[in-house]
Structure formats: C-alpha cells, structure tokens
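A.B. asks: Below is a structure I'd like to ask you about.
2 protein chains.
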Amino acid sequence: MTLSHAACPLCRDSGGRLVVQTPLWRVVRVEDDANFPAFYRLIWQDHVAEFSTLTPAERTVCMEAVAAIERVLLAQLRPTKVNLASLGNVVPHLHWHVIARFEWDSHFPNPIWGARQREVSGEAAARLAVPLTELDQHVIAALAGVHA
Amino acid sequence: MTLSHAACPLCRDSGGRLVVQTPLWRVVRVEDDANFPAFYRLIWQDHVAEFSTLTPAERTVCMEAVAAIERVLLAQLRPTKVNLASLGNVVPHLHWHVIARFEWDSHFPNPIWGARQREVSGEAAARLAVPLTELDQHVIAALAGVHA
Chain A
15 MTLSHAACPL CRDSGGRLVV QTPLWRVVRV EDDANFPAFY RLIWQDHVAE
65 FSTLTPAERT VCMEAVAAIE RVLLAQLRPT KVNLASLGNV VPHLHWHVIA
115 RFEWDSHFPN PIWGARQREV SGEAAARLAV PLTELDQHVI AALAGVHA
Chain B
15 MTLSHAACPL CRDSGGRLVV QTPLWRVVRV EDDANFPAFY RLIWQDHVAE
65 FSTLTPAERT VCMEAVAAIE RVLLAQLRPT KVNLASLGNV VPHLHWHVIA
115 RFEWDSHFPN PIWGARQREV SGEAAARLAV PLTELDQHVI AALAGVHA
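Now the structure itself:
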C-alpha cells in the first residue's frame, strides 16, 4: 500500500506522547484509548510500509527495542500477556504496538481491536502497579541500553 | 500468563497445516478462517510465552523467518498490506501471525479481529494471484535461505 511521505500522519506528527527517540526510531505512549493505558508504539523514523523492507540489521535494532519495551511492561506491571503487532492498514508507515494486557481489562482475552468483554469500573490506569510517568522512565532507561 | 506445557494446544498439535519446520520454529498455514486464506503462523517450538524471553540471537532467527514469509506474500500476492502480530492471550505459547491483507477483504482496513466491513462474494482464496499450495512452496523455498 502506498501513502506519500507528505500525506503520512506518522511523518507529520509524533503519533503519541513522545518518550524517547533515536535517528532510527521513536517510542511514544499511546493515549487514544483509556482501556489500554500501558500501550507504547515504536515508530520507525523513515517512511517505510513493511517490516521486511528494513535491512536485517535494522530489523534487529527495531525488534530489540520492541523487546526492551516488552520487558519493562513485564517487570513493572506483571501483565497477563504482552501483545505485539505491526498492522498499518490505515497508516502504512512501520510501527509496532506494544501493549500490556490484563485478565481484568475491557477486551481480554480478545485483541484490543476485537469485541469488548466487560465494563471496567474506574480508570484502568489506576490499576497499574506504577504510574504511567514512572513507567515511561523505565522505558527510557531500558532503551538507553539498546543498540541503535 | 502461565499455561503448562502439557495443557498447551501448540505443544500438542501443529497449530495449522504444517509447511516447514526446524528445531527452533515451525511454520503452518492457518485454515481456520476462509476470509484470510494467505495466513501463516510461525510457532516457536519451545513453550515460551513472551517474545522477550528469547535470547537476542533467537529473536533474530524468529524475525528473519517472519520477514521471509512476509516477503513471499508481498512478492507473490501484491497485498495491500501485511499484518504481523504476536498476541497469545488465549494460547500463551509464542507464535507470530503473518497475514496478507487486501482492500477487498472482509475486514480491511480493520484488523482481522475487528469488525467486518463487507461481504466478499465467492472464495477469498480464489482471488489470490497464486494457489495456496504454490504459495506454500514459495514459503518453503524462502525459509530454506534463512539461518536456523
């Protein structure tokens, strides 16, 4: 799927709350959906659509960063599962969703794009073991240790 | 999320039509959903839940295989987009979905787990540029060139 650089929202905007970036990628926290507060997105800085377009070395850089975010979520939040996805049907600019999922969350065990399973009383963010701003700091620290 | 090896469907069964395997992973074609015929799954042979549990070298092996499958889908089918995902909420045994998506498919641009967008007349598989058994052969050939 083609989408020009000029028309691409991920070339124009950050795509979320900027957490940390390098010349190759940036990591943002996604604040679009209060049901899933522990939701980061790694966005490849270059406007490429498909993961396999990257060189092998770039793919390793990309996925080691994704894995570092996942490890932070696992260590800090003890989620039921972490979900990883690179879809890009709407915005074909390479980005990886990294989402902590919990048995109590609104859609579990469905994907976040699937059918809602339950109503969650109160704010989902308040149920997390650490505040989101603190979680961001752990992500920054973890990504500082990743080659890029 | 914990699930014992003994109770794990991906330890007991292939998880789809077996296409090719190595000691580290196997690739199956998923035949559960006729809406998405060009759908492969790379299943890590060991019973691990999370991608970040792998060693860096294993992650590279895993994602180079995923990228090889993606390249076959792009080259043979010219899909609108390829979708990659490792979710595992129901079966927390590491597996990667690799799915060719088309503007005409039943759910596009939604994720395959989202809301249906349209009815597709006839078999989706019949719209593909090559038959699925031929596509499998291209996947086998591509994965033969991937380390491990």
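Top line first, the protein sequences correspond to chains A and B.
Residue numbering for the first sequence follows the numbering used here, starting at 15 and increasing by one per position.
Residue numbering for the second sequence follows the numbering used here, starting at 15 and increasing by one per position.
Note that beta-carbon positions come from the ideal geometry of N, C-alpha and C, so glycine has one too.
(1) Quick check: is the beta carbon of A:Thr69 nearer than 8 Å to any beta carbon in chain B?
(2) What's the C-alpha gap between B:Tyr54 and B:Asn97?
(3) Do A:Ile57 and A:Arg43 count as a contact pair if the criterion is CB distance below 8 Å?
(4) Tell me whether B:Ile154 is buried or exposed, calling it buried when 16 or more other Cβ atoms sit within 10 Å of its Cβ.
(5) Step through the CB atoms of chain A and report whether any lies within less than 8 Å of the CB of B:Phe53.
(6) Can you name the residues of chain B whose CB is closer than 9 Å to the CB of A:Arg130?
(7) May I have the straight-line CA-CA distance separating B:Pro70 from B:Asp119, to the nearest angstrom?
(8) Any idea if B:Arg26 is buried or exposed, counting beta-carbon neighbours within 10 angstroms, 16 or more meaning buried?
(9) Between B:Gly102 and chain A, is any beta-carbon pair separated by less than 8 Å?
(10) Under 8 Å between beta-carbons, which chain A residues line up against B:Asn97? List them in chain order, please.
(11) Could you work out which residue in A:Ser66, A:Val86 and A:Ile113 is closest to A:Ala48 when comparing CA atoms only?
(12) Strictly under 8 Å for the Cβ-Cβ distance: is A:Arg85 near chain B by that measure?
(13) Report the three-state DSSP secondary structure of A:Leu17 (helix, strand or coil).
(14) If you measure from the beta carbon of A:Ser66 to each beta carbon in chain D, is any gap under 8 Å?
(15) Please state the DSSP three-state secondary structure of B:Leu121.
C.D. replies: Put simply:
(1) no
(2) 11 Å
(3) no
(4) exposed
(5) no
(6) Ordered by position in chain B, no residue passes the 9 Å Cβ test against A:Arg130, which lies about 12 Å from the chain.
(7) 36 Å
(8) Result: exposed.
(9) yes
(10) Correct list: Ala99, Ser100, Leu101, Gly102 and Asn103.
(11) A:Ile113
(12) Residue-level contact by beta carbon holds for A:Arg85 and chain B, with a gap shorter than 8 Å.
(13) coil
(14) The structure shown has no chain D; the protein chains it does contain are A and B.
(15) First, the residue type needs correcting, since residue 121 of chain B is His and not Leu in the sequence shown. Coil at B:His121, not helix or strand.
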